[in-house]
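Some notes on the structure that comes next.
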Amino acid sequence: MDIQLSIQKLTKRYKTGDGVSDISLDVQKGELITLLGPSGCGKTTVLRSIGGFLEPDSGDILIENKSVLKAPPEKRPTAMVFQSYNLWPHMTVFDNLAFGLKIRKMKKSEIDQAISEVLKLIRLSGSEQKFPGQLSGGQQQRVAVARALLLKPAVLLLDEPFSALDAKLRHEMREELREIQSNTGLTMVFVTHDQEEALSISDRIVVMNKGHIEQVASPQEIYDEPKTLFAAQFIGKMNFLKGVVTNGRVMIAQLAFPNSKNLSGNVTLAIRPEDVQLFDGEEAGLPGTIKHIMVLGHYAEVSIDLQGHGIIRSFRPRDQVNDLRTGQHVKVNFAKTLVFPTV
Amino acid sequence: MRWYWKAIGPKKIIEFLVLVVFVIFFLGPLLNLAILAFTGNWKYPEAFPHEWSLKWWRFVLQQEDIAKSIGLSFLIATIVTAISILICVPAAYAFARIRFPLSRFFLFSFLLTNAFPKMGLYVSIAVLFYKLGLMNTLAGVVLIHIVNVLMYMTWIPTASFRNVHTAQEESARDVGASPFRVFRSITLPLAMPGILVASIFTFLNSLDEAQGTFLVGIPNFKTMPVIMYSIISDYPAYAGAVFSIILTLPTIILLLAAKRFVSADVLSSGFQFK
Chain W
1 MDIQLSIQKL
11 TKRYKTGDGV
21 SDISLDVQKG
31 ELITLLGPSG
41 CGKTTVLRSI
51 GGFLEPDSGD
61 ILIENKSVLK
71 APPEKRPTAM
81 VFQSYNLWPH
91 MTVFDNLAFG
101 LKIRKMKKSE
111 IDQAISEVLK
121 LIRLSGSEQK
131 FPGQLSGGQQ
141 QRVAVARALL
151 LKPAVLLLDE
161 PFSALDAKLR
171 HEMREELREI
181 QSNTGLTMVF
191 VTHDQEEALS
201 ISDRIVVMNK
211 GHIEQVASPQ
221 EIYDEPKTLF
231 AAQFIGKMNF
241 LKGVVTNGRV
251 MIAQLAFPNS
261 KNLSGNVTLA
271 IRPEDVQLFD
281 GEEAGLPGTI
291 KHIMVLGHYA
301 EVSIDLQGHG
311 IIRSFRPRDQ
321 VNDLRTGQHV
331 KVNFAKTLVF
341 PTV
Chain Y
1 MRWYWKAIGP
11 KKIIEFLVLV
21 VFVIFFLGPL
31 LNLAILAFTG
41 NWKYPEAFPH
51 EWSLKWWRFV
61 LQQEDIAKSI
71 GLSFLIATIV
81 TAISILICVP
91 AAYAFARIRF
101 PLSRFFLFSF
111 LLTNAFPKMG
121 LYVSIAVLFY
131 KLGLMNTLAG
141 VVLIHIVNVL
151 MYMTWIPTAS
161 FRNVHTAQEE
171 SARDVGASPF
181 RVFRSITLPL
191 AMPGILVASI
201 FTFLNSLDEA
211 QGTFLVGIPN
221 FKTMPVIMYS
231 IISDYPAYAG
241 AVFSIILTLP
251 TIILLLAAKR
261 FVSADVLSSG
271 FQFK
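Protein sequences, first through last, are from chains W and Y.
Count the first sequence with UniProt numbering and you get residues 1 to 343, in order.
Count the second sequence with UniProt numbering and you get residues 1 to 274, in order.
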């Protein structure tokens, strides 16, 4: 595979103390990679540096093996879709789309052809003469994506493009973007703070925190094997319990768990709610009392008070919670645990 | 009457009365002016003139210095508007986009020209103009007018430029436009309503300016409002009425032309400090 975009030791510091340091990342051709993290983690800084809207303090950015650092945004082979205010309200959809092509001195017949094709792709044929104000929020973002596609960029940059839309629309737009990506084979860098969005559209996710990269991996791998405590708590739902390593084994009360990283001292165990199992017999497990049972459609969330070890949540299929009731004593065990050093 | 009061309700009727008072208050003087201007002969107890004529129009337009003053006023207003656009629009862009030390202080300082009694300000400017040889010159009059409009001409476009989102400008850079092209094709058109409103303000303000012009421009630069003073004292009220209609007409025409740009939003946003 060819490396389409290479970020090398990128550093950018702001006076406020925020910023990114020493970010290195290679993006394959045709890959959709997501920068995921809480606000202020530096994901937008990285994206804007690729697009040319920020000048990094040090490091380099290569696109198709050429450094683009010296080039202003208009000369870079990138196209960006912003969170909002992408379109120019005084121009029609056609003029919005044609603006960049006219600057590139494309022939009028070719512009017409390209715009009618891209409007068909985003299912907005016939909207050429509408003004952005006459379109819905979702349609406006689709036009912004279309405008970026028309430039045939080497890398498409998306800065939380769907975060201003409502949940249902956001879902549709993700599917549409994924479809556009598989049709065009475009390399995309997608910034979001929404872990669900990242899990659903990415080939790989870059988990960022406080200006550095915590983990780069496929969505499944990040969900199953988060490398750091931060990645574990940021992606998906997770329970945390305190444990102690004695004789090489991780112990909570009298229960032992695997110590895959050979840690010692105080550790933190991370357990996905779907891996929390409940028993009411004599099986080995941590004793607990059911505090709440919340039925959420096809599954139920059960909170269990572990008597001195905190409260833990368990996701159970709905038919399994029918005989459970609040206040009931149960035993809790875990199908899978992850161990991290306690910070 | 009582059934009427009940059927429509006191609220509606009071609203109607307030409206009538307003209309009389605003349009009454204008109507009176219009009647006066077309009067040939009007004796006091009559409700309306018993002879209509255009003789005062002929009289006013035949006075050489009056005709000249109309030309001069429009010339000065045009120059003032053009120069203040050249000075203030780039300044407004800087205030809106560039962070520099004391920018809020500078923006606020434009209020100073409108914060003091005008005459005091003009007298001190006149002293300065004497030394610089600007008294009784076109440049002097234009400068005095510009001092008056700096505030509108900077504040309103600043607000308009702020309403253009950086993402809109950056998108344009992104698709290949140079910074200059972005300004010409995106930023300026989007800020245009505010700039237009400010320009109209400026033009009308300059047409209307009398105090400063009187102090700095006399005797060679008598604009319409300056002439107005002498007409009111030297000629019958009819001539004054004709003249005030000539003075009011451009205001009405410009405001009607600008109506599609003038929204309460645009106007009021000019006076926000962000």
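We put the beta carbon where it would ideally sit given N, CA and C, even for glycine.
Quick caveat, the model's predicted, so the values are computed rather than measured.
How is residue i classed by DSSP in three states: helix, strand or coil?
i                     : result
M192 (chain Y)        : helix
R325 (chain W)        : coil
F59 (chain Y)         : helix
residue 377 (chain W) : Nothing about residue 377 (chain W) can be read from this structure; chain W reaches only from 1 to 343.
N136 (chain Y)        : coil
Q83 (chain W)         : coil
E51 (chain Y)         : strand
N341 (chain W)        : According to the sequence as given, residue 341 (chain W) is Pro; it is not Asn. P341 (chain W) falls in the strand class under three-state DSSP.
H193 (chain W)        : coil
Would you report the Cα separation of residue i and residue j, rounded to the nearest angstrom?
i                     : j              : result
K274 (chain Y)        : C88 (chain Y)  : Model confidence at K274 (chain Y) stands at a pLDDT of 36, short of 50, so the residue's coordinates are unreliable; what they give is reported in the following sentence. Cα-Cα distance, rounded: 18 Å.
Y238 (chain Y)        : M228 (chain Y) : 12 Å
Q139 (chain W)        : L324 (chain W) : 47 Å
G281 (chain W)        : K331 (chain W) : 8 Å
I200 (chain Y)        : L255 (chain Y) : 8 Å
R313 (chain W)        : L35 (chain W)  : 28 Å
V245 (chain W)        : T326 (chain W) : 33 Å
E169 (chain Y)        : E117 (chain W) : 26 Å
V164 (chain Y)        : P90 (chain Y)  : 15 Å
F203 (chain Y)        : K108 (chain W) : 41 Å
R104 (chain W)        : L157 (chain W) : 20 Å
L267 (chain Y)        : T113 (chain Y) : In this prediction, L267 (chain Y) has a pLDDT of 47, which is less than 50 and means its spatial position is unreliable; nothing more can be read from the coordinates.
S200 (chain W)        : P219 (chain W) : 8 Å
L132 (chain Y)        : K75 (chain W)  : 50 Å
Y152 (chain Y)        : F108 (chain Y) : 12 Å
L121 (chain Y)        : I218 (chain Y) : 17 Å
I144 (chain Y)        : W155 (chain Y) : 19 Å
V80 (chain Y)         : P101 (chain Y) : 29 Å
L134 (chain Y)        : E209 (chain Y) : 18 Å
residue 357 (chain W) : E175 (chain W) : Chain W is shown only over 1 to 343; residue 357 (chain W) falls outside these bounds and no answer can be derived.
S160 (chain Y)        : G194 (chain Y) : 6 Å
V21 (chain Y)         : K12 (chain Y)  : 14 Å
Check whether chain Y comes within 9 Å of residue i, counting only Cβ atoms and requiring the distance to be less than that.
i                     : result
P56 (chain W)         : no
A148 (chain W)        : yes
Y14 (chain W)         : no
P341 (chain W)        : no
residue 345 (chain W) : Missing from the structure shown is residue 345 (chain W); chain W here goes from 1 to 343 and no further.
Y299 (chain W)        : no
residue 421 (chain W) : The requested residue 421 (chain W) is not part of the displayed model; chain W covers only 1 to 343.
G310 (chain W)        : no
F131 (chain W)        : no
F53 (chain W)         : yes
F94 (chain W)         : no
L87 (chain W)         : yes
Got a sec, what are the start and stop residues for the alpha helix (DSSP H) residue i sits in?
i              : result
A37 (chain Y)  : P10 to A37
G240 (chain Y) : A237 to A258
H171 (chain W) : A167 to T184
S116 (chain W) : K108 to L121
V46 (chain W)  : K43 to G51
Q134 (chain W) : No alpha helix (DSSP H) contains Q134 (chain W), which DSSP labels as neither H nor E.
Is the shortest distance between the beta-carbon of residue i and the beta-carbons of chain W less than 9 Å?
i              : result
A258 (chain Y) : no
I70 (chain Y)  : no
L254 (chain Y) : no
I245 (chain Y) : no
Tell me which same chain residues have a C-beta within less than 8 Å of the C-beta of residue i, skipping the five on either side of it?
i              : result
S67 (chain W)  : D60 and I61
L255 (chain W) : A284, G285, L286 and N333
Where do the N-terminal and C-terminal ends of the beta strand (DSSP E) with residue i fall, by residue?
i              : result
Q8 (chain W)   : I3 to R13
D305 (chain W) : Y299 to D305
Q215 (chain W) : H212 to A217
R313 (chain W) : I311 to P317
D63 (chain W)  : One point to set straight first is that residue 63 (chain W) is Ile, not Asp, in the sequence displayed. Looking at the DSSP string, the run of the beta strand (DSSP E) that includes I63 (chain W) is S58 to I63.
Might you give, ordered along the chain, the residues of its own chain that have their beta carbon closer than 6 Å to the beta carbon of residue i, omitting 5 neighbours on each side?
i              : result
G100 (chain W) : L151
E214 (chain W) : V207, T228, F230 and A231
F214 (chain Y) : V226
K118 (chain Y) : Q211
N136 (chain Y) : N220
N86 (chain W)  : A144
Closer than 7 Å by C-beta to residue i: which residues in its own chain qualify, once you throw out the five before and the five after it? Chain order, please.
i              : result
L61 (chain Y)  : A67
R318 (chain W) : V295, H298, Y299 and A300
V191 (chain W) : L35, K43, T44, L47, L158, D159 and E160
I205 (chain W) : T34, L36, A198, A217, P219 and I222
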